[in-house]
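The structure appears below as structure tokens.
Number of protein chains: 2
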Amino acid sequence: MNGLSKIPQPPYYAVIFSSQRTEGDKGYGKISERMIELAAQQKGFLGVESARDAELGITVSYWESLEAIKDWKEHAEHKVAQGRGKSEWYKNFSLRVCKVERHSFFEM
Amino acid sequence: MNGLSKIPQPPYYAVIFSSQRTEGDKGYGKISERMIELAAQQKGFLGVESARDAELGITVSYWESLEAIKDWKEHAEHKVAQGRGKSEWYKNFSLRVCKVERHSFFEM
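Line order of the protein sequences matches chains A and V.
Residues 1 to 108 in the numbering used here are what the first sequence spells out, letter by letter.
Residues 1001 to 1108 in the numbering used here are what the second sequence spells out, letter by letter.
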């Protein structure tokens, strides 16, 4: 599911999730993979891109509509993961909901 | 300049730049640092977040207006870097201009 996402013409929506992790895995790796897999099954999901280095992680997911984003936010299994995110996995995070107004792609 | 960006209330704008690098540094590290430094001096710049792992790099910059994004795109030194990006540094990339409609922050 990783790599660049190429998706339909704008407008569509992006959720930018930037985070700094606590020390140690504490089940994070497995559940974050599961969340990507589960997100990809949701109605209105368009794609996801993710990168993490020692300092910061950024995951951007793309969606057809604000309604699709809301449904994913409220998904029961995702809710459980959100709770663990706050209590165990993240020192801090930001979440931004954006309307993608234009995009361009380059391939060598 | 790295880390989470906390900035004024929405709406504001985000540029999501996702990329896959070619092999070897070829001057990339130094110039990408310089571009972050230079972007931060531009009118309307609000912040930047960046993460890169073996597979993908994501840099999200935040701006007050579409005009500020356009001015940065057309900055002479940035234009030179964009050219080298296409000819030397990136196998592929996507660039998305987005309106941030809402955000939230969490700190442990």
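Here a beta-carbon is modelled for each residue, glycine too, at the ideal position from N, C-alpha and C.
Just so it is clear, the structure is predicted and the values come from calculations on it, not from any experiment.
query                                                                                                                                                          : result
Where do the N-terminal and C-terminal ends of the alpha helix (DSSP H) with residue 70 of chain A fall, by residue?                                           : 66-73
Could you tell me whether the region 1096-1107 of chain V touches the region 85-102 of chain A, where touching means 3 or more Cβ pairs closer than 8 Å?       : yes
Determine, for residue 61 of chain A, whether the minimum Cβ-Cβ distance to residues of chain V falls below 8 Å.                                               : no
Determine whether the Cβ of residue 53 of chain A lies closer than 8 Å to any Cβ atom of chain V.                                                              : yes
Could you check how far apart the C-beta atoms of residue 1047 of chain V and residue 1007 of chain V are, in whole angstroms? I think they sit under 8 Å.     : 5 Å
Does any residue of chain A have a CB that is nearer than 8 Å to the CB of residue 965 of chain V?                                                             : Not covered by the structure: residue 965 of chain V. The range shown for chain V is 1001 to 1108.
Can you tell me which of the three DSSP states residue 1007 of chain V falls into?                                                                             : coil
How would you list, in chain order, the residues of chain A whose beta-carbon sits under 9 Å from the beta-carbon of residue 1101 of chain V?                  : 13, 66, 96, 97, 98, 99
Residue 108 of chain A versus chain V: which residues are under 9 Å apart at the beta carbon?                                                                  : 1022, 1086, 1087, 1090, 1091, 1092
Can you name the start and end residues of the alpha helix (DSSP H) that residue 55 of chain A belongs to?                                                     : Taken as a continuous stretch (DSSP letters only), residue 55 of chain A belongs to no alpha helix (DSSP H), as it is neither H nor E.
For residue 88 of chain A, which three-state DSSP category applies?                                                                                            : helix
So, helix, strand or coil for residue 1076 of chain V, using DSSP?                                                                                             : helix
Could one say the Cβ of residue 1117 of chain V lies closer than 8 Å to chain A's Cβ atoms, at least one of them?                                              : An answer regarding residue 1117 of chain V cannot be provided, because it is not within the stretch 1001 to 1108 covered by chain V.
Could you check which residue in V:1106, V:1019, V:1009, V:1108 has the C-alpha nearest to that of residue 1060 of chain V?                                    : V:1019
Taking contact to mean at least 3 C-beta pairs separated by less than 8 Å, is the region 1080-1090 of chain V in contact with the region 1023-1033 of chain V? : yes
Between V:1011, V:1032, V:1013, which has its C-alpha nearest residue 1021 of chain V's C-alpha?                                                               : V:1032
Identify every residue that forms a DSSP beta bridge with residue 107 of chain A.                                                                              : V:1092
Helix, strand or coil: how does DSSP classify residue 1043 of chain V here?                                                                                    : coil
Is any beta-carbon of chain V found at less than 8 Å from that of residue 8 of chain A?                                                                        : no
Establish whether the CB of residue 1 of chain A and some CB of chain V are separated by less than 8 Å.                                                        : Any reading at residue 1 of chain A needs caution, since the residue's pLDDT is 41, under 50, leaving its predicted position unreliable; the model's value is listed next. Residue 1 of chain A does not count as touching chain V.
Would the beta-carbon of residue 30 of chain A fall within 8 Å of that of residue 68 of chain A?                                                               : no
Can you tell me whether DSSP reads residue 1099 of chain V as helix, strand or coil?                                                                           : strand
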